[in-house]
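For what it's worth, our numbering labels the leading residue of the sequence shown as 11, then goes sequentially.
Each residue gets a CB set at the ideal place from its N, CA and C atoms; glycine is no exception.
One structure is given below, encoded as structure tokens.
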Amino acid sequence: MMKVQIKTKNNDKQDGETLKPDELFIPARYYAALFDHLESQGIPCRDALSAAQIRTLNDPQARLTVTQAETLMIEAARLTGRRDLGFEMGRLIKLNSHDILGYAIISCPTMDHVLRLASRYYKLMTPLFAMRYSRHPTHAEVTFRPVQGMPQSVYETYMEVLPVAFHCQLQAVTQGRQPTYDIYLTTAAPPHALRYRELRNVRIHFGVAEQPGMRVMLDTSELDVPLAMTDLRVLQQAEARCKQMLQHMDQQGNWCDWVSMMLREAEDAQPTLEELAGILNVSSRTLDRHLAKGGVSFRELSLRIRNERACELLASGKYPVSQIAYRLGYTDIANFSRSFRKLNGVSPTAWVEQHQAFSPSAESAPPG
Numbered sequence: 011m012m013k014v015q016i017k018t019k020n021n022d023k024q025d026g027e028t029l030k031p032d033e034l035f036i037p038a039r040y041y042a043a044l045f046d047h048l049e050s051q052g053i054p055c056r057d058a059l060s061a062a063q064i065r066t067l068n069d070p071q072a073r074l075t076v077t078q079a080e081t082l083m084i085e086a087a088r089l090t091g092r093r094d095l096g097f098e099m100g101r102l103i104k105l106n107s108h109d110i111l112g113y114a115i116i117s118c119p120t121m122d123h124v125l126r127l128a129s130r131y132y133k134l135m136t137p138l139f140a141m142r143y144s145r146h147p148t149h150a151e152v153t154f155r156p157v158q159g160m161p162q163s164v165y166e167t168y169m170e171v172l173p174v175a176f177h178c179q180l181q182a183v184t185q186g187r188q189p190t191y192d193i194y195l196t197t198a199a200p201p202h203a204l205r206y207r208e209l210r211n212v213r214i215h216f217g218v219a220e221q222p223g224m225r226v227m228l229d230t231s232e233l234d235v236p237l238a239m240t241d242l243r244v245l246q247q248a249e250a251r252c253k254q255m256l257q258h259m260d261q262q263g264n265w266c267d268w269v270s271m272m273l274r275e276a277e278d279a280q281p282t283l284e285e286l287a288g289i290l291n292v293s294s295r296t297l298d299r300h301l302a303k304g305g306v307s308f309r310e311l312s313l314r315i316r317n318e319r320a321c322e323l324l325a326s327g328k329y330p331v332s333q334i335a336y337r338l339g340y341t342d343i344a345n346f347s348r349s350f351r352k353l354n355g356v357s358p359t360a361w362v363e364q365h366q367a368f369s370p371s372a373e374s375a376p377p378g
């Protein structure tokens, strides 16, 4: 593994340059809460820190690369034998875990203000996801979408951290007053899904066919209720500091990796260039220009990722061609077959037959 040190200073990348995964930094304090908890349970975590090339998690300004964060969670799972560490990490994140942004959130006058503030400065919590908040007459919607490419294991960890942390902090801000609401996740239910019953007044929906990420649906009844810890002077001072911190953060990430991940994780629909640009809050022209800098067009990337997924699903032998076509966002089997044949030279059914004929299991199987 490449040796990576914790970075405590901001990057000097110029605006418009892309970042590699190990140039994206995540506040270490969120991981520190989990590892302090594990240590309190008698589980020594020095080996995990060593494997991730980390000296300590206790520096308030310490940040981790994506590779370090991934290694930490993999090693923690190995040491503990647990698969619910993402859930545990989300449970341990408190409002004051967010440093100056946490103080701003605590000082907000209403939940509506909290959600608007958090979505504006969410990058201070993590550069890997974007938070969007929209309010409607009867409900409010909050979405968390990945805005950087990341390893699958990191993405899956976040898909447990996000809903649990959101719920626990919502409970803290409203002092448990909010009515039952819904959280929709694109990931499948984990083996420890029963743990989610610990979260009161929330319905968790796994495996919802949407763009990668998380969507929250809230009733508007509590959005304008005054909050107990309101302090407008502290809020003004804290938000001014948040603005300064945000101005020093890098603006761009690895566009090609992120678009590839969003296309790969999509279910039952193929995201358009305009939809993906909207998530990043940039124009489709801007996104297309950055893809071109990476040597690829959106159409080329979309066709390639879609075909890779088609081959993976066909090779698994778990799904009929009709279901694969639907999962990839095709309107019917004929369109899927036509597109697949154009790229691979054979129909999906013929491809499966060829794959089975040349697979190791087929070669080693006894004659029938």
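Three-state secondary structure assigned by DSSP to LEU237: For LEU237, the three-state secondary structure derived from DSSP is coil.
As assigned by DSSP and simplified to three states, the class of GLY378: Note that GLY378 scores 35 on pLDDT, short of 50, meaning its location in the model is unreliable and no value can be drawn from it.
According to DSSP, residues forming a beta bridge with THR75: In the DSSP output, where bridge partners are listed per residue, THR75 has PHE35.
Rounded Cβ spacing between ALA182 and VAL157 (contact assumed at less than 8 Å): Rounded, the Cβ-Cβ distance is 26 Å, inconsistent with contact.
Helix, strand or coil at ARG225 according to DSSP, with G and I counted as helix: DSSP places ARG225 within a strand segment (E or B) once states are collapsed to three.
PHE216: first and last residue of the uninterrupted alpha helix (DSSP H) it sits in: The continuous stretches of alpha helix (DSSP H) do not include PHE216, and DSSP gives it neither H nor E.
Coil, strand or helix - LEU5 by DSSP: A query on residue 5 cannot be resolved here, the shown segment of the chain reaching from 11 to 378 and no further.
Helix, strand or coil at PRO173 according to DSSP, with G and I counted as helix: Helix, per DSSP.
Proximity winner among ASP57, LEU324, ASP69, GLU80, relative to SER163 (alpha-carbon distances): Check the Cα spacing between SER163 and each of ASP57, LEU324, ASP69, GLU80: the tightest is with GLU80.
Unbroken beta strand (DSSP E) run spanning ALA150, endpoints: For ALA150, the uninterrupted beta strand (DSSP E) run begins and ends at 149-156, by DSSP.
GLN179 to ALA335 span [Cα, whole Å]: If I take the Cα positions, the gap works out to 40 Å.
Given GLU208 as reference, the closest of LEU228, TYR131, HIS177, ALA279 once Cα atoms are compared: For GLU208, the closest of LEU228, TYR131, HIS177, ALA279 by C-alpha to C-alpha distance is HIS177.
Complete alpha helix (DSSP H) runs within the region 47-118 (minimum length 4 residues, chain order): Along the length of the region 47-118, whole alpha helix (DSSP H) runs at least 4 residues long occupy 56-61, 76-90, 95-102, 110-116, reported in chain order.
MET141, DSSP secondary structure in three states: Three-state DSSP puts MET141 in a strand.
Boundaries of the alpha helix (DSSP H) in which TYR206 is found, first to last residue: Note, TYR206: premise wrong, no alpha helix (DSSP H); not H, not E.
Distance between ILE110 and GLU232 (C-alpha atoms, nearest Å): As the crow flies, the alpha-carbon of GLU232 is around 25 Å from that of ILE110.
Nearest-angstrom Cα separation, counted from GLU98 out to HIS380: A question about residue 380 goes unanswered here, because the residues of the chain that appear run from 11 up to 378.
Residue environment, GLN221, which counts as buried when at least 16 other CB atoms sit within 10 Å: Looking at its Cβ environment, which holds 16 or more other Cβ atoms inside 10 Å, GLN221 is buried.
DSSP three-state assignment for HIS300, whether helix, strand or coil: Secondary structure at HIS300: helix, using DSSP grouped into helix, strand and coil.
Segment contact, 8 Å Cβ cut-off, at least three pairs: the region 44-59 with the region 72-89: By the Cβ rule, the region 44-59 counts as touching the region 72-89, because three or more pairs are nearer than 8 Å.
Local conformation of ASP342 per DSSP, three classes: DSSP places ASP342 in coil when its eight states are reduced to three.
Anticipated Cβ contact below 8 Å, GLN366 with VAL356, distance rounded: Taking 8 Å as the upper bound for CB-CB distance, GLN366 and VAL356 are not in contact here, some 13 Å apart.
Local Cβ density within 10 Å of LYS104, reported as buried at 16 or more and exposed below that: Classification for LYS104: exposed.
GLY159, buried or exposed, once every other Cβ within 10 Å from all chains shown has been counted against 16: Within a 10 Å sphere around the beta-carbon of GLY159 sit 16 or more other beta-carbons, which makes this residue buried.
Per-residue DSSP class, three states only, for HIS365: Taken through DSSP and simplified to helix, strand or coil, HIS365 comes out as helix.
Euclidean distance between Cα positions of SER347 and CYS321: Each residue's Cα considered, the two are about 12 Å apart.
DSSP three-state assignment for THR184, whether helix, strand or coil: Correct three-state label for THR184: helix.
Contacts around ARG39, its chain only, beta-carbon distance under 8 Å, and the 5 residues preceding and following it disregarded: In its chain, beyond the 5 residues on either side, LEU67, PRO70, ALA72, SER107, ASP109 have a beta carbon closer than 8 Å to the beta carbon of ARG39.
Length of the line joining the Cα atoms of ARG441 and ARG243: This structure leaves residue 441 out entirely; the chain is present only between 11 and 378.
Supposed contact pair ALA150 and LEU125 - C-beta distance, whole angstroms, cut 8 Å: At roughly 7 Å, the Cβ-Cβ gap stays under 8 Å, so LEU125 and ALA150 are in contact.
CB-CB length for VAL152 against VAL226, believed under 8 Å: Right, their Cβ atoms sit about 4 Å apart.
Boundaries of the alpha helix (DSSP H) in which HIS146 is found, first to last residue: Where HIS146 is concerned, there is no enclosing alpha helix (DSSP H), given that its DSSP letter is neither H nor E.
Beta-carbon proximity of ILE116 to LEU74, cut-off 9 Å: Inclusion of ILE116 and LEU74 in the CB contact set at 9 Å is not warranted, their separation being larger than that value.
Buried versus exposed, by CB contacts within 10 Å (16 or more), THR359: It counts as exposed.
Whole-angstrom distance between THR341 and GLN280, CA atom to CA atom: Taking the straight line joining both Cα atoms gives about 11 Å.
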